[in-house]
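In terms of the numbering used here, the sequence shown opens at residue 108 and continues consecutively.
Where a beta carbon is used, it is the ideal one built from N, C-alpha and C, also for glycine.
The structure appears right after this line, and notes come after that.
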Amino acid sequence: MKNIVRCTWCEKDDLYRNYHDQEWGKPIYDDQQLFEFLILETFQAGLSWYMVLAKRENFKKAFAYFDYKKVAQFDEDKIQELLLDAGIIRNKLKVRAAVSNAIAFMKVQEEFGSFSNYIWKFTEGKPIDNCPKTLREVPASTPLSDAISKDLKKRGFKFVGTTVVYAHMQATGMVNDHVVDCWTRQ
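Spelled out as structure tokens, the structure:
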């Protein structure tokens, strides 16, 4: 796929290009995949997405293949084990947040039937297409990500500031921020 136009942020290498071409911005309605991106985005907070993406397979193994029911049951021994795992980002607060977020995730499922029902209600079940001409037009957050962040925090989620939430919205296709001439928009 040479000579195709992509969003310029992904042109670092094949890892980034493949993620961009195959995943980023495609709507996800599956709870386990939504949880995966929630975990990955919370670990990305304050760091680069590339670093998280490069460690994604390690995160997958460390966090029970993103099975939120299993992650919710991680005890102190498991948390300490994760803090020694050089294959992931070993931030104590983020590791603990992953466990508490799994618990909060399941509470949302109980209330709304699924996390997908809850999160997609903010966009009425459809992606918001922003049609940016350049990356400069892509925001780091929006009033909608502010509102979702506030609601998630009220429900007990951690590391879900507005920028993290907006990145989650982009990754899971709640918003389409592919630039207008990017081949994946079609």
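Assignment of Asp121 by DSSP, reduced to helix, strand and coil, places it in the helix class.
The Cβ atoms of Asp138 and Ser223 lie closer than 8 Å to each other. According to DSSP, residue pairing for Ile235 in a beta bridge involves Val282. Judged by their CB atoms, Ser207 and Lys167 are not nearer to each other than the 8 Å cut-off. By the Cβ neighbour-count rule, Lys177 is exposed, with fewer than 16 other Cβ atoms within 10 Å of its own. Ranked by Cα distance from Phe150, the first of Val272, Arg243 and Lys257 is Val272. Ser155 and Glu218 have their C-alpha atoms some 33 Å from each other. Cβ atoms of Thr279 and Leu190 stay farther apart than 8 Å, at about 28 Å. Secondary structure of Asp174 (DSSP, three-state): coil. Counting the other Cβ atoms within 10 Å of the Cβ of Asn283 gives 16 or more, which makes it buried. The beta carbon of Asp236 is closer than 7 Å to those of Asn283 in its chain, skipping five residues each way along the sequence. The beta carbons of Phe173 and Ile196 sit no closer together than 8 Å.
With a beta-carbon spacing of about 24 Å, Asn165 and Gly132 fall beyond the 8 Å limit used to define contacts. Nearest neighbour of Met213 by Cα position, chosen from Lys201, Cys114, Asp182 and Gly263, turns out to be Gly263. In the three-state reduction of the DSSP assignment, Ser256 falls in the helix class, which pools H, G and I. At the C-beta level, Met281 and Thr241 stay beyond 8 Å of one another. Here the alpha carbons of Lys119 and Glu244 stand approximately 20 Å from one another.
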